[in-house]
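J.:
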Amino acid sequence: MTVIQIASADKVFDNGVRALEPISLAVREGELATLIGPSGCGKSTLLRLIAGLVSPSSGSVRLWPDAQSNDEKRRRLDFVFQSPTLMAWSDVEKNVRLPLDLAGVGRTEASRRAGRALMLVGLQDFRHAYPRQLSGGMQMRASIARALVTDPSLLLMDEPFGALDEITRARLDDELTALWTKQALTILFVTHSVYEAVFLSTRVLVMSARPGRIFAEVAIGETHPRGAAFRASEAFARHCARLSELLAAASKAPVGAKDAA
Amino acid sequence: MKRSRATGLASRYGAPVAVGVLLLGLWQWAVTAYAVPSYLIPSPTLVARTLVNDWTLLSRSLVFTLEITLAALAAAVILGVAMAFVFVQNRVIEASLFPYAVLLQVTPIVAIAPLIIIWVNDTRIALVICATIVALFPVVSNTTLGLRSIDAGLADLFRLYGASRWQTLVRLRVPSALPYFFAGLRISAGLALIGAVVAEFVAGTGGTVSGLAYQILLSGLQLNVPRLFAALFLIALTGIVLSTLTAWTARLALRHWHESEIKDD
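From first to last, the protein sequence lines are chains E and P. Here my numbering is used: the first residue of the first sequence is 1, the next is one more, and so on. Here my numbering is used: the first residue of the second sequence is 1001, the next is one more, and so on.
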């Protein structure tokens, strides 16, 4: 089943800057697709477009276009931002519960589900800690727990681990793929790391800049879970080399050289 | 790190106290050594003695001034926060009303106090109104700024989760505004006191009861400079206590999360 259906959607901001060329893209259920590209290529804008935080200037973005109305409860979207975006004045549990509280879910039920989400990201011992008491990696886990608490079927992640050190990032990448295999999730993930893209994805979409468009597409066929062995494998290196080349070409591509790919 | 904690306490309380003692000693010595007459500059010990001897009179004035100050501060907080909430509802409302808040702020209170005293029969109420006008602006402008200073990411998040206007206000805007509000409160507390004193200077005697400003005015006329100094001391003390109390309130409310109130540990 198609989860995201984008039909030549583009975005021109009010100040006249064209952030996105018309883009067409379909993401299917169960994919872990990655958007990679030079900074300013409109990756984040594309993600915000899908989340409905901005609307396309033309074209359309549809989620679950051919779903029947009776499986509505399976269609939930959640978003993980670049920064943890936690409320500094609330403890971890209250932060994680936020989507449920806003939706009017009862206190005990919300608390129970928050506890489960915290367990998934390994923060069960930090329910009552305040965000400032957590490390960057733990803050990001809390942010992911908040996204998981709604039991989403589509997760949009905007460079969630970009600000973290390499070791923490690798660990969170492992955990994310483990979650993804367990939870029947569809994930669209934005990153600027070639290694992260190759490690995580079933499919990598390479974007080029100004205005942003999809420049190339690479399928990564290796089965999940991938683990440390995959990171050290020749296949991994080959995928990374190929993706780096494409990324370099995408960064150099002159405006309007759409057919060069 | 016991040592550094002790050093911290010493520099926090010990240093200002030492400076105070040193200055008072210097003052006492200078007044005695140069035989300055007490109707020009009274010695600190004389001021202290006056404070004790005239306590019945001065304490009644202190209570009066305190009442005016606290009533004005309360009114400024309630009115100021209400105005800030109205301002953030939409830009047009803010744009059309904010200049008048500024107008209120920049008009010297001594210039409008006589009018208010004519209009309002009860002197106490007139004084409270004057002091409220003086104290209002920091609460309004800081709270307005605070209610607007919400993290863009959190705003997106609330939008994504379909939060209502009310939910966004209570769960996002109000907590974000608290540090700003407390900064404003601290300024307003000082201004309420200044407003209460200045307004009383203009109003003169309020009949049977009078505040510290009136004591200063009267002592000046009678050349009772020690009592003038004693009243001045009480005003300064009130200001310090108010400022400390508002700082404590802020710490109590923000200690868990806001950078300004988090002690290094």
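Beta carbons are placed, not taken as given, at the ideal position from N, Cα and C, and that holds for glycine.
1. If the cut-off is 7 Å on Cβ atoms, which residues from the segment 1066-1098 of chain P count as contacting chain E, listed in chain order?
2. Please classify Val-1052/P as buried or exposed, where buried requires at least 16 neighbouring CB atoms within 10 angstroms.
3. From Glu-1067/P, Ser-1096/P, Leu-1097/P, pick the residue whose C-alpha is nearest to that of Ile-1125/P; which is it?
4. Identify which residue in Gly-122/E, Glu-29/E, Leu-98/E has its Cα closest to the Cα of Thr-2/E.
5. Of all the alpha helix (DSSP H) runs that stay within the bounds of the segment 1010-1084 of chain P, which reach a length of 4 or more residues?
6. Which residues in chain E have a C-beta closer than 7 Å to the C-beta of Arg-1159/P? List them in chain order.
7. Closest to Ile-6/E by C-alpha separation, out of Lys-43/E, Leu-49/E, Ser-39/E, Gly-137/E, would be which residue?
8. Does Trp-1119/P get closer than 8 Å to chain B when you measure Cβ to Cβ?
9. Starting from the Cα of Arg-1159/P, find the closest Cα among Leu-1172/P, Arg-1148/P, Ser-1149/P, Leu-1147/P and give me that residue.
10. Mind checking if Ala-1163/P is an interface residue toward chain E, Cβ cutoff 8 Å exclusive?
11. Could you name the residues of the segment 116-146 of chain E whose beta carbon sits closer than 8 Å to any beta carbon of chain P, in the order they occur along the chain?
12. List, from N- to C-terminal side, the alpha helix (DSSP H) runs of 4 residues or more that fit wholly inside the segment 97-128 of chain E.
13. When the cut-off is 8 Å and only beta carbons count, does Trp-1257/P lie next to chain E?
14. Along the chain, which unbroken stretches of the alpha helix (DSSP H) at least 4 residues long are found entirely within the segment 1130-1180 of chain P?
15. Please list the segments of the alpha helix (DSSP H) lying wholly inside the segment 192-234 of chain E, counting only runs of 4 or more residues, in order along the chain.
16. Using the C-alpha atoms, what's the distance from Ile-220/E back to Phe-230/E?
17. Under a Cβ-count criterion, where at least 16 other Cβ atoms within 10 Å of its own Cβ denotes burial, should His-239/E be classed as buried or exposed?
18. Within this structure, are the beta carbons of Ile-144/E and Val-80/E separated by less than 8 Å?
19. To which residues of the same chain is Gln-183/E closer than 7 Å at the C-beta, ignoring the five residues directly before and after it?
20. Run through DSSP, which three-state label would Asp-174/E get?
21. Which of helix, strand or coil does DSSP assign to Val-190/E?
22. Do you know offhand how far Arg-226/E's Cα is from Leu-1157/P's?
23. Does chain P have any CB closer than 8 Å to the CB of Trp-180/E?
24. Excluding the 5 residues preceding and the 5 following Ala-266/E in the sequence, name in chain order all residues of the same chain whose CB lies nearer than 7 Å to its CB.
25. Within 10 Å of its beta-carbon, does Lys-262/E have 16 or more other beta-carbons around it, so buried, or fewer, so exposed?
T.: Result, derived from the coordinates:
1. none
2. exposed
3. Glu-1067/P
4. Glu-29/E
5. 1015-1033, 1044-1053
6. Leu-53
7. Leu-49/E
8. The structure shown has no chain B; the protein chains it does contain are E and P.
9. Leu-1172/P
10. yes
11. Tyr-130, Pro-131, Arg-132
12. 107-120
13. yes
14. 1152-1160, 1165-1168
15. 194-200, 227-232
16. 12 Å
17. buried
18. yes
19. none
20. helix
21. strand
22. 31 Å
23. no
24. The shown model of chain E, from 1 to 261, leaves out residue 266/E, and the question about it has no answer.
25. In the structure as shown, chain E begins at 1 and stops at 261. Residue 262/E is therefore absent and cannot be evaluated.
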